[in-house]
Amino acid sequence: MAEAGRKLSLAAWAWVLVAAVAAFELLAHPVIQAAIPSEDSWEEASTFVRARFEPSDRIVAAPHWTGPIVRRELGDLTSLRNAALPDQAGIGRVWELAIRGATTRDEAPALERDFGGVRVRMWPARSPKILYDFVAEIEHARVELETGEGPLPCPWTQGRQAQGGLERGPMRPAYRFACDQERAWLWVGPTVLADLELQPRRCIWQHPAGPDPVRTTFDHVPIGRRLVVRGGVDYQIARRRAYAPVTLRVWIDDELAAEWIHHDGDGWSGLDIDTSDREGSLATVRFETTTAEPFARLFCFAASTQAELGRD
Amino acid sequence: MIDARRLTRRDHAIGAALCLGYVAVLLYTAPDLAMSRDESFYVHAAKNIAAWLSELVTDPLAALDQSRIDPAWRYNWEHPALMKLTFAWSWLAQAHLGLFPRDSLAFRFPGMLTSGLLLWLIYAWGASVMARRGALFASLAFATMPRVFYHSHLACFDVPIAFFATLTAYAYWRALSDRRWIPVLGLVFGLALATKHNSWMLPGVFLIHFAWLRADEARAGIERRTSPAWLASMLIIGPLVFIGMWPWLWHDTWDRIGAYVSFHLRHVHYTYQFMGVSYFEPPLPVSTPFVMTLFTVSLVVLALAGAGLVSRRSELRPPWRLGRGDSTTRRTDLLWFGCLAAPLLVIALPSSPIFGGTKHWLTAYPFLTLFAGWGLLAVSEPAELGPWMGRRWAPVAFAVLCLLPGVVQTRHSHPFGLSHYMPVAGGVPGAADLGMNRQFWGFTTGSLTEWLVAELPDGGSVWLCDTTAGAWAMLQADGVVPRNIRAARSMSEADFALVHHERHFAEVDYQAWVAYGTSKPVHVLVYDGVPIVSVYENPARRARASSH
Chain A
0 MAEAGRKLSL AAWAWVLVAA VAAFELLAHP VIQAAIPSED SWEEASTFVR
50 ARFEPSDRIV AAPHWTGPIV RRELGDLTSL RNAALPDQAG IGRVWELAIR
100 GATTRDEAPA LERDFGGVRV RMWPARSPKI LYDFVAEIEH ARVELETGEG
150 PLPCPWTQGR QAQGGLERGP MRPAYRFACD QERAWLWVGP TVLADLELQP
200 RRCIWQHPAG PDPVRTTFDH VPIGRRLVVR GGVDYQIARR RAYAPVTLRV
250 WIDDELAAEW IHHDGDGWSG LDIDTSDREG SLATVRFETT TAEPFARLFC
300 FAASTQAELG RD
Chain B
0 MIDARRLTRR DHAIGAALCL GYVAVLLYTA PDLAMSRDES FYVHAAKNIA
50 AWLSELVTDP LAALDQSRID PAWRYNWEHP ALMKLTFAWS WLAQAHLGLF
100 PRDSLAFRFP GMLTSGLLLW LIYAWGASVM ARRGALFASL AFATMPRVFY
150 HSHLACFDVP IAFFATLTAY AYWRALSDRR WIPVLGLVFG LALATKHNSW
200 MLPGVFLIHF AWLRADEARA GIERRTSPAW LASMLIIGPL VFIGMWPWLW
250 HDTWDRIGAY VSFHLRHVHY TYQFMGVSYF EPPLPVSTPF VMTLFTVSLV
300 VLALAGAGLV SRRSELRPPW RLGRGDSTTR RTDLLWFGCL AAPLLVIALP
350 SSPIFGGTKH WLTAYPFLTL FAGWGLLAVS EPAELGPWMG RRWAPVAFAV
400 LCLLPGVVQT RHSHPFGLSH YMPVAGGVPG AADLGMNRQF WGFTTGSLTE
450 WLVAELPDGG SVWLCDTTAG AWAMLQADGV VPRNIRAARS MSEADFALVH
500 HERHFAEVDY QAWVAYGTSK PVHVLVYDGV PIVSVYENPA RRARASSH
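Chains A and B supply the protein sequences, listed in that same order.
0 is the number of the first residue of the first sequence in numbering that gives the first Met the number 0; add one for each residue after it.
0 is the number of the first residue of the second sequence in numbering that gives the first Met the number 0; add one for each residue after it.
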């Protein structure tokens with residue numbers, strides 16, 4: 000009898016437990032729905048940021064998957080460099096639009112407001128000043144492809160953009176230096192790379208042709224304390240970690256300033272070249288890419304000369 | 000052995016009502032869904048096959064020549080024939096009789112019908128061994144799984160193979176006690192083989208089950224043991240039906256079967272995002288099918304399935320627990336457990352190609368819900384919680400309560416079935432936080448058509464990202480988008496470019512930034528606040544618009 004009573008009790012508890020699970024699922028649904036910020040909330044938060052935005056400001060989204068919504072609201076304020084940041088230089092303040100308690104920073108903000116679940120926070124940034132952005136100035140560079148018969152100039156041309164699509168690599172822009180009609184990938188120009196973490200990186204596409212270098216030369220470059228170089232290989236290729244490393248050599252006034260070897264798997268990385276001994280001068284800067292085997296070397300780099308830290 | 004009851008007309012009336020009711024709901028809701036990538040490929044194949052079928056009727060001798068068969072069947076040769084044949088017949092019916100209000104429905108109807116029949120089958124098999132209430136619950140619980148509901152609409156093979164795999168298991172189960180079902184088993188296994196390669200695992204499941212059964216009989220000292228004739232039926236009739244239905248295999252048979260098998264054993268790996276990581280080569284985490292099941296199936300159904308398994312544990316006992324003279328059964332629960340576990344385990348194997356989507360183990364879910372039916376009965380029948388329990392309405396109310404989460408979530412999931420996640424995952428935003436797959440197949444373009452048509456009143460062009468040209472053409476054929484809104488080959492030619500948000504599609508987002516010189520989409524399609532598709536506007540169009 001006592002055992003029968005215990006069994007009934009267990010069954011009753013199971014009934015209650017299952018009913019509670021059903022109730023949880025039913026009640027959780029409106030709770031989840033209620034926590035979703037409305038379109039009005041996004042708009043109000045964006046209006047607030049827009050009114051205070053300054054050209055050197057950067058806008059970020061948290062969690063990262065809200066990025067398209069934030070760019071829809073404020074993307075017109077954001078340059079491609081700031082949307083696809085190659086490094087942290089040149090940023091005056093960081094605005095963050097966030098939901099669900101997510102954040103991109105741990106430190107206390109200088110400003111915080113909430114708009115119906117969309118939290119706006121702002122931090123002043125302490126970042127170096129950009130003196131010369133090689134990606135922005137690429138149109139003014141000279142590009143040549145070294146061959147057995149001497150250097151071959153690559154003219155700045157207008158051509159067809161790439162079609163776009165998955166596993167097609169970074170977009171080939173309409174304006175670019177075209178080095179070889181037979182090798183459509185052998186061009187140099189500005190694009191945005193998806194790096195190994197799938198982060199966007201504004202950069203100069205300079206697919207190496209092989210052991211003979213592809214050269215991009217910039218004249219009259221104002222030199223600061225450092226020359227910062229970052230680079231990487233397209234995500235779809237780099238994730239396989241299967242292909243030959245890419246070598247990037249940086250020459251300043253025909254003097255080898257740095258040699259950097261990038262391996263698939265390194266991700267978006269690079270080096271900071273100390274140029275303090277040339278600070279204040281104008282120089283010719285040349286970037287050369289080479290590789291032992293040019294198959295699938297979708298390499299892209301960004302560089303800038305930078306001065307002292309910006310404001311706090 | 001008598002371990003099941005005979006179904007009555009009432010049972011079949013209930014099954015038929017489930018079938019017809021579900022197909023009606025699917026027909027009603029299908030226009031909300033643009034065709035998926037895979038559907039568009041099967042539509043193309045079905046049209047080729049339909050032309051060949053027409054020739055087969057008018058000039059059979061010519062049609063049977065390899066020079067006619069090969070061009071008609073070469074496209075999409077990597078998938079067997081049965082469902083593509085049904086799509087083709089349905090398309091021919093549409094072409095001659097205009098049965099459906101939209102062309103897409105003509106292709107989708109056969110798949111929808113298998114969804115309805117599967118509900119009937121789940122109910123019927125359940126009602127053979129448990130109280131009707133449990134069987135009805137199982138069938139409805141399956142119908143109200145959001146991902147099942149989405150896939151049930153499609154001109155694809157995933158729900159059809161769930162139907163034919165379950166039907167094959169049912170025929171095997173019947174064949175164990177009734178010899179008349181032995182040839183039927185071979186036939187339906189052939190149909191399963193002719194539907195999708197998930198069927199390959201069925202003989203293995205049945206062999207393990209049968210070995211268990213024979214061990215039972217040996218332990219119990221039964222002299223007249225269950226016949227293995229079912230296996231011969233599967234191995235002889237099954238392949239004959241498979242080859243007989245697929246004209247592509249009528250010439251160069253062995254080479255083509257070899258190519259078909261090899262294609263699936265060495266399948267390309269899809270990129271699939273799971274818990275924040277985009278997997279593109281094996282191994283996918285072993286937990287994937289289990290976590291995805293937890294996140295996409297109603298928790299209360301999973302809880303009841305667990306309760307069902309516990310309540311039926313004595314039926315899962317090993318043979319050595321039997322003694323001489325003990326009675327034996329067909330071990331229905333063991334068979335169900337095998338059919339539930341096998342698809343999940345195959346996907347969980349570290350060596351399996353990366354597929355990812357829940358559709359690849361949908362064949363497990365009929366059995367999951369049958370155990371949930373047992374669980375419902377096990378939990379609700381013996382419980383006594385006060386004076387109102389024991390009344391007629393109480394168990395019904397409990398069953399309805401347990402079905403409601405699935406109903407609510409399925410309704411909410413439409414037409415974003417592949418983006419939907421259950422409350423246990425935190426819903427759609429919670430799953431986005433966890434880094435779960437957002438979508439695939441590009442069908443969510445269907446939710447943008449109204450916006451695009453409004454923006455392009457005089458026509459224009461759209462770069463479609465993951466949506467195929469065939470899927471777009473079907474939207475045009477259905478009258479959803481006018482024909483003067485074209486699918487553009489490249490972003491630069493298009494007025495608008497779409498980007499379907501999957502993590503590894505980030506590069507396409509960035510391509511649009513470069514193509515149009517801005518990172519600002521003009522429109523973002525969201526579902527529960529989570530971006531599904533971004534739309535970018537070509538600055539050339541903007542310039543044209545402002546000059547007017």
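Cβ atoms here follow ideal geometry from the backbone N, Cα and C, with glycine treated the same way.
#### Entry: Contacting residues, own chain, Cβ-Cβ under 7 Å from residue 1 of chain A (five flanking each side not counted)
Note that residue 1 of chain A scores 44 on pLDDT, short of 50, meaning its location in the model is unreliable; the coordinates nonetheless yield the value given after this. None.
### Query
Looking only at its own chain, which residues have a Cβ that is under 6 Å from the Cβ of residue 114 of chain A, when we skip the five neighbours before and after it?
In chain order, 40, 43, 44 place their CB closer than 6 Å to the CB of residue 114 of chain A, counting only its own chain and leaving out the 5 sequence neighbours on each side.
### Task
Below 9 Å between beta carbons is the criterion; list the residues of the region 162–173 of chain A that meet it against any residue of chain B, in chain order.
Answer in chain order: 162, 163, 164, 165, 166, 167, 168, 169, 170, 171, 172, 173.
### Task
Given a cut-off of 8 Å, decide if residue 170 of chain A and residue 319 of chain A are closer than it, judged by their beta-carbon atoms.
This structure leaves residue 319 of chain A out entirely; chain A is present only between 0 and 311.
### Task
Output the distance between the C-alpha atoms of residue 181 of chain B and residue 125 of chain B, rounded to the nearest integer angstrom.
The alpha-carbon atoms of residue 181 of chain B and residue 125 of chain B are separated by roughly 21 Å.
### Query
Can we say the region 125–132 of chain A touches the region 212–231 of chain A, given the rule of at least three CB pairs closer than 8 Å?
In short, these stretches touch, since the Cβ pair count reaches three.
### Query
When the distance is taken between beta carbons, is residue 32 of chain B closer than 8 Å to residue 445 of chain B?
Contact: yes.
### Query
Can you tell me where the alpha helix (DSSP H) with residue 401 of chain B in it begins and where it stops?
According to the DSSP assignment, residue 401 of chain B belongs to the alpha helix (DSSP H) that extends over 392–412.
#### Entry: Backbone secondary structure at residue 38 of chain B - three-state DSSP
Looking at residue 38 of chain B - three-state DSSP - the assignment turns out to be helix.
### Query
residue 530 of chain B versus chain A: which residues are under 7 Å apart at the beta carbon?
Near residue 530 of chain B (Cβ distances below 7 Å), the residues of chain A are 64, 67, 68.
### Message
Does residue 534 of chain B come out as helix, strand or coil in the three-state DSSP assignment?
### Response
Looking at residue 534 of chain B - three-state DSSP - the assignment turns out to be strand.
### Task
Rounded to whole angstroms, what's the CA-CA distance from residue 218 of chain B to residue 325 of chain B? Just pull it up for me.
Approximately 8 Å between the Cα atoms of the pair.
### Query
According to the neighbour-count rule (16 or more other Cβ atoms, all chains shown, within 10 Å of its Cβ), is residue 349 of chain B buried or exposed?
If you draw a 10 Å sphere on the C-beta of residue 349 of chain B, you find fewer than 16 other C-beta atoms in it, and that means exposed.
### Task
Kindly indicate if chain B contains any beta-carbon less than 8 Å away from that of residue 157 of chain A.
For residue 157 of chain A, no Cβ of chain B is located within less than 8 Å of the residue's own Cβ.
### Task
Put residue 13 of chain A into one of helix, strand or coil per three-state DSSP.
Correct three-state label for residue 13 of chain A: helix.
### Message
Quick check: what's the CA-CA separation for residue 234 of chain A versus residue 217 of chain A?
### Response
So the alpha carbons of these two residues sit roughly 28 Å apart.
### Query
Taking all protein chains shown into account, do 16 or more other C-beta atoms lie within 10 angstroms of the C-beta of residue 483 of chain B, making it buried, or fewer, making it exposed?
Under a 10 Å Cβ-count criterion, residue 483 of chain B is classified as exposed, with fewer than 16 other Cβ atoms of the shown protein chains found around its own Cβ.
### Query
By Cβ distance, which residues of its chain are closer than 7 Å to residue 45 of chain B, with the 5 residues on each side in sequence left out?
Here residue 45 of chain B has 83, 86, 87, 90, 106 as same chain residues with Cβ atoms under 7 Å from its own Cβ, once five neighbours each way along the sequence are excluded.
### Proximal residues to residue 200 of chain B (C-beta, below 8 Å), its chain only, five neighbours per side dropped
Taken in chain order, the residues that qualify are 341, 342, 345.
### Query
Checking contacts by CB at 8 Å: is residue 509 of chain B closer than that to chain A?
Yes, residue 509 of chain B counts as interfacial toward chain A.
### Query
Sorted by chain position, which residues of the same chain lie with C-beta nearer than 6 Å to residue 479 of chain B's C-beta, five sequence neighbours on each side aside?
These residues qualify, in order along the chain: 448.
### Task
Can you give me the Cβ contacts of residue 168 of chain A inside the same chain, cut-off strictly under 6 Å, excluding the 5 residues immediately before and after it?
Within the same chain, residue 168 of chain A has close Cβ partners 233, 297.
#### Entry: Rounded straight-line distance, which links the Cα of residue 163 of chain A to that of residue 549 of chain B
What the structure shows of chain B is the stretch from 0 to 547, and residue 549 of chain B is not part of that stretch, so it cannot be assessed.
### chain A contacts made by the region 435–455 of chain B, where a contact means CB separation under 7 Å
Per Cβ criterion, the list is empty.
#### Entry: Separation of residue 112 of chain B from residue 178 of chain B, as counted between CA atoms
Those two C-alpha atoms are separated by around 29 Å.
### Message
Counting only Cβ pairs nearer than 7 Å, list the residues of chain B close to residue 25 of chain A.
### Response
Under the 7 Å cutoff, chain B gives 403, 404, 407.
### Message
Spatial neighbours of residue 315 of chain A within its chain, please: C-beta separation below 7 Å, excluding the five flanking residues on both sides.
### Response
The structure shown does not extend to residue 315 of chain A, since chain A spans only 0 to 311, so no value can be given for it.
### Query
Among B:265, B:261, B:167, which one has its Cα closest to the Cα of residue 230 of chain B?
Closest option to residue 230 of chain B, judged by alpha-carbon separation, among B:265, B:261, B:167: B:167.
### Query
DSSP puts residue 261 of chain A in a beta bridge; with which residues?
As computed with DSSP, residue 261 of chain A is found in a beta bridge with A:245.
### Message
Residues of chain A with CB closer than 7 Å to the CB of residue 303 of chain B, please, in chain order.
### Response
Neighbours of residue 303 of chain B in chain A, taken as residues whose beta carbon is under 7 Å from its own, are 17 in chain order.
### Coarse secondary structure for residue 265 of chain B, derived from DSSP in three states
Reduced to three states, the DSSP call for residue 265 of chain B is coil.
### Task
Could you confirm whether any beta carbon from chain B is found closer than 8 Å to the beta carbon of residue 13 of chain A?
With 8 Å as the cut-off, residue 13 of chain A counts as an interface residue toward chain B.
### Task
Go ahead and label residue 5 of chain B buried or exposed: buried means 16 or more other beta carbons lie within 10 angstroms of its beta carbon, across all protein chains shown.
Counting Cβ neighbours within 10 Å, residue 5 of chain B comes out exposed, since fewer than 16 surround it.
### Query
Any Cβ of chain A within less than 8 Å of the Cβ of residue 533 of chain B?
Put simply, the CB of residue 533 of chain B is near chain A, with a gap under 8 Å to one of its CB atoms.
### Query
Would you say residue 28 of chain A reaches chain B, if we count a Cβ-Cβ gap shorter than 8 Å as a contact?
For residue 28 of chain A, the nearest CB of chain B lies under 8 Å from its own CB, placing it at the interface with that chain.
### Task
Would you please verify whether the beta carbon of residue 66 of chain B is less than 8 Å from any beta carbon of chain A?
Under the Cβ distance rule, residue 66 of chain B does not count among the residues neighbouring chain A, no pair being separated by less than 8 Å.
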